[in-house]
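These notes are about the structure you will find just below.
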Amino acid sequence: MRKLVLISVFSLCIYGLSLAPKQDVRAVSMTIGDKISASEYDLYRLLEHSRVQAYLRTWTSQLLTAKSSKTVSITAGDAGLSPQIQTAVNSMIVGRCIPQIQRTLHFNFLGPVEVRLFTRPQDYQQAIESLGANSSNSALMAEKTGGIAYGSRILVPLYNDRSPGSLISVLTHELTHVVFYQNSVVPAIPTWINEGTAWYEGITAGKAAAYDQFSTMLEGADMSILQAFSHHQGVYLTAGETALLKAPYDVEIEDYLAVSSLVKRGGMARYVSFLHRVPENGVQGAFRQEYGYSVNQFVAQFDRKLAHGML
Ligand SMILES: [Zn+2]
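Below you can see the structure in the form of structure tokens.
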């Protein structure tokens, strides 16, 4: 299996980029305004107008009612981050992302988590380098990723246009990687389960905050994957993370579809039970215990479906 250096702790998330289409501010506000809290709504406005200094000066934090978290610390990756955004991100994590993960996956965070936010690409790239990536990798990673989880640390760039829905989704996605790491599910699981589950959690959280945005997001994704396979440019489930950055489509969508198919087939409870068995029994043993056949059989079956255009 092809793997990137440091893969056991690095989770590349191409994610945020494709989840954050540029949209008209008013249109999105109207769609999601009634489904998100005031602080999230204002964060959205703040992010959209972040280049306008006058707006920042007049903006108040009256509506921010973040609870504090003992588990998660939000830190500024550069001088461009305002305390209001820091507070709003904290509110999202405490109010939505962590509860979602605990409710659906039944894992708890076992140690502190640091979420570092960046408002400038160069600072984001530098932080990626400081985690051990070389400069050519880090440039590509900075450009392509919507967030990175490294052990219990998460780096998130904010300078791409982002609605609260997509930010909640990205944060939930990265926190899923961290909770897996803290509970020794990672590095035991293969990349497709790690990324696929993080996507599954991210999309569920995103839908809860901004249903319309997320229900349409995956439309056409199946088609682009099948088209790539018909042109012999498809990347199979077993390919690993190195292939992610070079594929003609977002390979993590494939991971998400594979996890979704497992959840559909056996239900969420069985899938969660499988994940909880992994630290003790390994992925092969845990999978066989829950599903009655091997994980390799499932992967071969899924890859055959991809090859035959049967997603
Ligand atoms: Zn990821």
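Numbered per our numbering, the sequence shown spans residues 20 to 330.
Where is the CB? At the ideal position from N, CA and C, for every residue including glycine.
Closer than 7 Å to a non-hydrogen atom of ligand 1 - does that hold for the CB of Glu220? no
By Cβ distance, which residues of its chain are closer than 8 Å to Ile117, with the 5 residues on each side in sequence left out? Same-chain partners within the cutoff: Ser88, Thr90, Val91, Phe128, Leu194.
Would you say the beta carbon of Glu273 is closer than 7 Å to some non-hydrogen atom of ligand 1? no
If you draw a straight line from the alpha carbon of Ser292 to that of Pro209, how long is it in whole angstroms? 17 Å
Ends of the beta strand (DSSP E) at Phe137? 132 to 137
Rounded to the nearest angstrom, what separates Met160 and Thr138 at their Cα positions? 16 Å
So what's Leu325 in DSSP terms, helix, strand or just coil? helix
Rounded to whole angstroms, what's the CA-CA distance from Gly184 to Ile272? Just pull it up for me. 18 Å
Tell me which residues share the same chain as Ile187 and place their Cβ nearer than 7 Å to its Cβ, disregarding the 5 neighbours each side in the sequence. Met111, Arg115, Cys116, Ala224, Gly225, Ala228.
Does the beta carbon of Ala217 fall short of 7 Å from some heavy atom of ligand 1? yes
Exposed unless 16 or more other CB atoms sit within 10 angstroms - verdict on Gly166: buried
Given a cut-off of 8 Å on the beta-carbon distance, is the pair Ser171 and Pro206 in contact? Between Ser171 and Pro206, the gap from beta carbon to beta carbon reaches 8 Å or more.
Residue interval of the alpha helix (DSSP H) (run including Val270): 270 to 285
If you run the structure through DSSP and keep just helix, strand and coil, what is Ala161? Reduced to three states, the DSSP call for Ala161 is helix.
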